[in-house]
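Peer 1:
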Amino acid sequence: MNYKVNLLPPHLQVEGMIDKRRLLKLAGAVLGGGIIVLGYGGFLANFLLTRAELSRSNQELSRLKVQLQAAEAVHNERVRLENTLKEFSTIVQGRKNWHIILQGIGNVCPQEVTLTQLEVLPAGGKGETAGKPPASKAGIPPQGSMVSIQGVANSFAAIGVFERKLWESGYFGKVHLVKVGTDDKGRNTFLIEAELAKGVSR
């Protein structure tokens, strides 16, 4: 049987002596460092993923913003065109109604009277601008509510008859003889302004 003899002094003898406390501290330090490294790695990976996701979200938001602006532009253009179409439809309908009214003026005109000019005016006639409605946004002229009638007649009596028949036609609420005179041929001239009656479509 062989025996192993350690001849070193006790304070130099390390064989068989294990410092468990130191070993635990070392193991704890290594474990703690590993946890910190792993935690930082996880945080860094999560940060990079979040930043990439945020970048994609910003790109998607920019794309949607452009699409939204395009959709709003299309909507605004559609509203503008619809309003313009409505105004043009109103004008077309008004022209049809004016055709009927002007035809009615011709029907009540006496044979002794010759009309030389018919003009559709805004409310108030030529002499008043305060009552003139503004032009529409679509550039369509405002609808008239008064007719200026100029002509010549063989007698002043014929002018009076024409004025009375205009009022009796039902198209006009007010008929005003603005002026009378004579031309270079000795004929009687006149200017009548007739305002449409309420409820009469223009």
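Heads up: the sequence shown is residues 589 to 790, going by this note's numbering. Where is the CB? At the ideal position from N, CA and C, for every residue including glycine.
#1: Could you please give the first and the last residue of the uninterrupted beta strand (DSSP E) stretch that includes glutamate 783?
#2: What residue ranges within the segment 727–767 form continuous alpha helix (DSSP H) runs of no fewer than 4 residues, ordered along the chain?
#3: With a threshold of 16 other CB atoms inside 10 Å of the CB of valine 740, please say whether the residue is buried or exposed.
#4: Could you check what DSSP says for alanine 707 in three-state terms: helix, strand or coil?
#5: Would you kindly work out how many angstroms separate the C-alpha atoms of alanine 726 and histidine 764, rounded to a whole number?
#6: How would you call tyrosine 628, buried or exposed, if buried means at least 16 neighbouring beta carbons within 10 angstroms?
#7: Measuring straight from C-alpha to C-alpha, what distance separates phenylalanine 778 and valine 662?
#8: Cβ of leucine 784 within 8 angstroms of Cβ of methionine 734?
#9: Comparing alpha-carbon positions, which option in Val749, Leu703, Ala745 and Ser743 lies nearest serine 736?
#10: Under 8 angstroms between C-beta atoms, does alanine 659 make it to chain B?
#11: Measure from the alpha carbon of isoleucine 747 to the alpha carbon of each residue in Pro710, Glu700, Gly630 and Leu706, then state which is nearest.
#12: Could you work out which residue in Leu754, Ala633, Arg609 and Arg610 is closest to cysteine 697 when comparing CA atoms only?
Peer 2: Answer, in terms of the structure:
#1: Along the sequence shown, read from residue 1 onward, the residue named residue 783 stands at position 195. For glutamate 783, the enclosing beta strand (DSSP E) covers residues 776–784.
#2: With a minimum length of 4 residues, the continuous alpha helix (DSSP H) runs that stay inside the segment 727–767 are 744–756.
#3: As a first step, residue 740 is located in the sequence shown; it is residue number 152 there, counting from the start. With a 10 Å radius around the Cβ and a threshold of 16 neighbouring Cβ atoms, valine 740 comes out buried.
#4: Locating residue 707 in the sequence shown gives position 119, where the first residue counts as 1. Note on residue identity: the sequence assigns glutamate, not alanine, to residue 707. Reduced to three states, the DSSP call for glutamate 707 is strand.
#5: In the sequence shown, counting from the first residue as 1, residue 726 sits at position 138. In the sequence shown, counting from the first residue as 1, residue 764 sits at position 176. With a pLDDT of 43 at alanine 726, under the threshold of 50, the modelled position of that residue is not reliable, and the figure given next carries that caveat. So the two alpha carbons sit approximately 33 angstroms from each other.
#6: Reading the sequence shown from its first residue, position 40 is the one you call residue 628. Exposed: under 16 other Cβ atoms inside 10 Å.
#7: The sequence position of residue 778 within the sequence shown is 190, counting from 1. The sequence position of residue 662 within the sequence shown is 74, counting from 1. Pairing phenylalanine 778 with valine 662, the inter-Cα distance amounts to about 53 angstroms.
#8: Position 196 of the sequence shown holds residue 784. Position 146 of the sequence shown holds residue 734. Annotated as proximal: leucine 784 and methionine 734, with beta-carbon spacing under 8 angstroms.
#9: Within the sequence shown, numbered from 1, the residue matching residue 736 stands at position 148. Taking each of Val749, Leu703, Ala745 and Ser743 in turn and checking the Cα distance to serine 736, the smallest one comes out for Leu703.
#10: Among the chains in the structure shown there is no chain B, since it carries only a single protein chain.
#11: Residue numbering aside, residue 747 sits at position 159 when the sequence shown is read from its first letter. Closest by alpha carbon: Glu700.
#12: As a position in the sequence shown, residue 697 is number 109, starting the count at 1. Of the listed residues, the one whose Cα sits closest to cysteine 697 is Leu754.
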